[in-house]
Amino acid sequence: MGYIVDISKWNGTINWDIAASQLDLVIARVQDGSNTVDFMYQNYVSEMKKHSIPFGNYAFCRFISIADAKKEARDFWNRGDQSAKFWVADVEVQTMADMQGGTQAFIHELRRLGAEKVGLYV
C-alpha cells in the first residue's frame, strides 16, 4: 500500500519517477483563495497524468461572505482539472463569522457546477 499525500507549491519540484511508485493518491492544491493560483498545479497535474497517479483537487478557502464563497468555488471549478477524482474545501482559518454557512455555500456551488464528490479539510 502506498501513500496518500497533499501537495502544493510548498513541495517544490517533485521527482515523479521516484514518487509514482510510492503514491496511491495525490490531493493537489489548485488555489489559495480566489486571488492566488498555485503556480505548480498545472505541472503537478501533467506529471500525475503522465505517471497514472489518481488525484483530487483542493482549494485553501479564504472566503469572507456567502457570495465570496460561491465565487471561490466557481474559480476553483474553473481552474481545477476536471479529471480529478474529487474536490476538497480546505477550511483552516476563520475568515467570516458564519464559517459553516460559507463552507456550505462553497460546497453547494461546487455540486451545482458538477462536482460529484466533495470533501472537507478542517
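Numbering (the UniProt record's numbering), first residue to last: 1 to 122.
We put the CB at the ideal spot given by N, CA and C, even for glycine.
Computed from a prediction, not measured in an experiment: that's the story for all the values here.
Inset, instruction - Could you check if Tyr3 is buried or exposed, using at least 16 other CB atoms within 10 Å of its CB as the buried criterion? - result: Looking at its Cβ environment, which holds fewer than 16 other Cβ atoms inside 10 Å, Tyr3 is exposed.
Legend entry - 3 or more residues per run - each beta strand (DSSP E) lying fully within the stretch 28-101: The stretch 28-101 contains these whole beta strand (DSSP E) runs: 55-60, 87-90.
Inset, instruction - Within 10 angstroms of the Cβ of Val122, are there 16 or more other Cβ atoms? Answer buried if so, exposed if not. - result: A residue is called buried when at least 16 other Cβ atoms come within 10 angstroms of its Cβ; Val122 does not meet this threshold and is exposed.
Inset, instruction - Between the Cα of Ile15 and those of Gly80, Arg29, Gly33, Asn43, spot the shortest distance and give me the residue it belongs to. - result: Note that residue 15 corresponds to Asn in the displayed sequence, not to Ile. Across the set Gly80, Arg29, Gly33, Asn43, the C-alpha of Asn43 shows the shortest separation from the C-alpha of Asn15.
Inset, instruction - Consult DSSP for Ile4 and reduce its assignment to one of helix, strand or coil. - result: In the structure shown, Ile4 sits in a strand (DSSP, three-state: E or B).
Inset, instruction - For my contact list, Lys85 and Phe55 are in at a C-beta cut-off of 8 Å; report their separation, rounded to the angstrom. - result: Going by Cβ atoms, the distance from Lys85 to Phe55 rounds to 7 Å, so yes, they are a contact pair.
Inset, instruction - For Ala105, count neighbouring Cβ atoms within 10 angstroms of its own Cβ and tell me buried if that reaches 16, exposed if not. - result: By the neighbour-count rule (16 or more Cβ atoms within 10 Å), Ala105 is buried.
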